[in-house]
Every structure is written in structure tokens, then in C-alpha cells.
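J.:
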Amino acid sequence: MCANSRTQDIGKWRVASFFCCSLWMNLAVCDDQPEVLEELEEMLKRFSFVKRVHTYSDMDIFLSALKEDVHYDGVLMDIDWKSERTGMDFAEEMLTLSPLTKVIYMTAYTLEYVEDVFLKMSNLSGFLMKPVRAEKLERNLKKLQRQGRGQDKNLIISSRGSVIAIPFSRILYMENQLHKVHIVLAEKEYWCYERLELIKKRLNGQFLSCHKSYVVNMEQIVEIRNTEVCLTYGKRVPVSKARYRETKEQFFAYMSEKL
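For the sequence shown, the working numbering gives the first residue as -19, with consecutive numbering after it.
1. I'd like to know if the stretch 22 to 34 and the stretch 74 to 88 are in contact, where contact means that at least 3 CB-CB pairs between them fall below 8 Å.
2. Suppose the cutoff is 8 Å on Cβ atoms and the five residues either side in sequence are ignored; what does the same chain contact list for LEU165 look like?
3. Measuring only the C-alpha atoms, how far is SER220 from VAL16?
4. Count the CB pairs spanning the stretch 183 to 194 and the stretch 165 to 174 that are closer than 8 Å, and state whether there are at least three.
5. For ASN6, which of THR35, PHE107 and PRO14 has the nearest alpha-carbon?
6. Could you name the residues of the same chain whose beta carbon sits closer than 6 Å to that of MET39, not counting the 5 residues immediately before and after it, in chain order?
7. Would DSSP call LYS180 helix, strand or coil?
8. Taking 7 Å as the cut-off, is the C-beta of LEU165 nearer than that to any heavy atom in the ligand FAD?
9. Tell me the rounded alpha-carbon separation between THR227 and SER193.
10. Alpha carbon to alpha carbon, how far is ILE136 from GLU237? Give it in angstroms, no decimals.
11. For TYR224, which residues in the same chain have their Cβ closer than 6 Å to its Cβ, ignoring the five residues on either side in sequence?
12. Grab me the residues of LEU183's own chain with a C-beta within less than 6 Å of its C-beta, minus the 5 sequence neighbours each way, in chain order.
13. Helix, strand or coil: which one does DSSP assign to ILE41?
14. So is MET109 buried or exposed if we call it buried at 16+ other beta carbons inside 10 Å?
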């Protein structure tokens, strides 16, 4: 049964579910074809690591659930909807409401959309051709599961006499300023007296150096221009001429691995 008809059940499942077990996954499937929802729900329930599956044929209900703090580890999102908006539009809105939730796009029209998936902001994890094959789906979910565990990693810094653990996923960029490093998040910022080169050694593969004084989180990149990197939340950092090509190549290689 679609989640459209069971809103009471959804209201009981809040963001706390995200922390209950890193080996289990809570998933949503969004598609306007009931037969696809039914098929994917049955397929997902066969995987031992999937804890819950909710299905949606109405995106207003899905987005309302996110606004009520319902959390999903991943969402299988059909791209082609019978409306003016596409699944990529919905994924962009989902990013604002639930920034840690990963999205796996689904479509029967791969060539039509493959060049557009990077143009809309989303927490992209994968891309599946329809009809979805069980082995491909399982591989994508296993990768999503590994990415989710990676989000738990923290950058440990000392700031103003306190030791602070900052999740990698929340960092937008870092800037070297004389003898300090400026660490910028969406909602706050930190300063620490440490060399940027030493901090870079404690980061994972989602970060790149677009400039000798800047490190950016590739998960937060919206667009790379000739002179700057545009990030989420309207942030911009410079990209040096010497590192422009390397920055683009590293970003596209990173994103390609997620498809």
C-alpha cells in the first residue's frame, strides 16, 4: 500500500530512526506508477539490510513527510513524472528538507537525462535504468550504505579551548588565513590555530583543494566556474587558474563514481 493512504504510520516514524542502526536502512520509493512502487517494495523487502520501505505516488505527501522530520537513508526517485516537475526538481527540494538523505535516480530514458543530473542540486548516490534489476539495486544500496557510514566521520579540532567534532558532511569549505583555519558550515563557523595542510591529511576523499588557501567539500558543490566554485547555501570560493582543470577533473571523477 502506498504511504499516501497511511499517514498515521508515517507520523510515528521520526528523525530518531536515523540513529537506531547503521546496518539497517530506511528507504522511500517515489514513482507515479503503482505497479512500479509495488514491484520495488517487494524487491527491497527481500534485502536483509532494509528495515522499512515507504512508497509515494504523490510528491506533495512525500515532501510534507520530510517537513515533519521523517528521515530516510535513501530515496529511489523516478525522474520522469507526468507533471511540469521532474524527479530532479523534487530531489533538489528534498536536499533542503533532508540534506543527509541520499537519492538514487531511476529512469527508462537514460540518454535524455544523463547530462542533466548534475545541473540540479541533490545528494546524489546512484542512477538506475528501468526496469530495475535486483542485482543493480542491491549494488547501489550497498554503496549508499557505505556512504552513510562515511557521513559519521568527524573532523576533530581545538577551538577556543574546546575540542570539537565536526561531521565531514556538514563542512562547506575551509580557508587558510595566516596562522588560522576558517571552517565554514551552513549554520555556523569555527576558527582553529592549525595549518590547513595538516587538517587536509585528516579528511576523506570528498574534499578537494581548488586553491592553495581553500579546501571544498565536493558534496556541497553546485557549479564550477572559471574563477570560482559555487557551493550550497550561496557560498562561493575562488578557484586558482593553476588548479582549475584539476578541480573539474577531480569533481567529475568523484561524481561519476556515485553513478
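Even for Gly, the Cβ is constructed at its ideal location relative to N, Cα and C.
T.: So, from the data block:
1. Verdict: no, contact absent.
2. Excluding sequence neighbours, LEU165 sits near ILE146, ARG150, ILE151 and LEU152.
3. For SER220 and VAL16, the distance between alpha carbons rounds to 47 Å.
4. Touching, no.
5. Relative to ASN6, the option among THR35, PHE107 and PRO14 whose CA is nearest is THR35.
6. Short of 6 Å from the beta carbon of MET39, and not among the five residues preceding or following it, lie these beta carbons of its own chain, in chain order: PHE70.
7. Helix.
8. Of ligands this structure carries none, so the ligand FAD is not represented either.
9. Each residue's alpha carbon lies about 14 Å from the other.
10. Cα to Cα, the separation comes out at about 27 Å.
11. Here TYR224 has no same chain residue with a Cβ atom under 6 Å from its own Cβ, once five neighbours each way along the sequence are excluded.
12. Nothing meets the Cβ criterion.
13. Residue state, collapsed to three classes: helix.
14. Result: exposed.
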